[in-house]
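See below for the structure under consideration.
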Amino acid sequence: MLWPPREPCNPCHNRGEKNWIFTIPGLCRIKTRAKLATKAGKRMAFGEEINVKAKPARTIVKAFPVAALKARI
Numbered sequence: 030m031l032w033p034p035r036e037p038c039n040p041c042h043n044r045g046e047k048n049w050i051f052t053i054p055g056l057c058r059i060k061t062r063a064k065l066a067t068k069a070g071k072r073m074a075f076g077e078e079i080n081v082k083a084k085p086a087r088t089i090v091k092a093f094p095v096a097a098l099k100a101r102i
């Protein structure tokens, strides 16, 4: 399976272009989203000019238990 899948499949679906939700029945719901890459440069923070390194694009993954699992515990 490709990560993230290119076409929505059962039991996952796409929310917008960069957000995906996967459900493992009775266990958890996995939400993924893509964070864009950041450019290197200088930024103002706390009244000072700070050098910022470039960061690559990445996928953020969060897992949440389903209600059925919460009710059992």
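Counting in the numbering used here, the sequence shown runs from 30 upward without gaps.
All C-beta atoms, glycine included, are put in the ideal place defined by N, C-alpha and C.
Remember, predicted model here, so these are calculated numbers, not experimental data.
Leaving aside the five residues before and after residue 79 along the sequence, list all residues of the same chain whose C-beta is less than 6 Å from its C-beta, in chain order. Here residue 79 corresponds to residue number 50 of the sequence shown, with the count starting at 1. Correct list, in chain order: 72.
Residue 96, enclosing alpha helix (DSSP H) - first and last residue: Here residue 96 refers to the residue found at position 67 when the sequence shown is read from its first residue. 96 to 101 is the span of the alpha helix (DSSP H), which, as asked, contains residue 96.
Checking the sheet assignment: what are the DSSP bridge partners for residue 91? Start at 1 with the first residue of the sequence shown, and residue 91 comes out as number 62. The secondary-structure analysis by DSSP pairs residue 91 across a beta bridge with 60.
To the nearest whole angstrom, what separates the beta carbons of residue 143 and residue 95, a pair I think is in contact under 8 Å? The requested residue 143 is not part of the displayed model; the chain covers only 30 to 102.
For residue 52, report the span of its beta strand (DSSP E) as first-last. On the sequence shown, position 23 is the one that residue 52 refers to. Segment 48 to 53, the beta strand (DSSP E) holding residue 52.
Would the beta-carbon of residue 139 fall within 8 Å of that of residue 86? A query on residue 139 cannot be resolved here, the shown segment of the chain reaching from 30 to 102 and no further.
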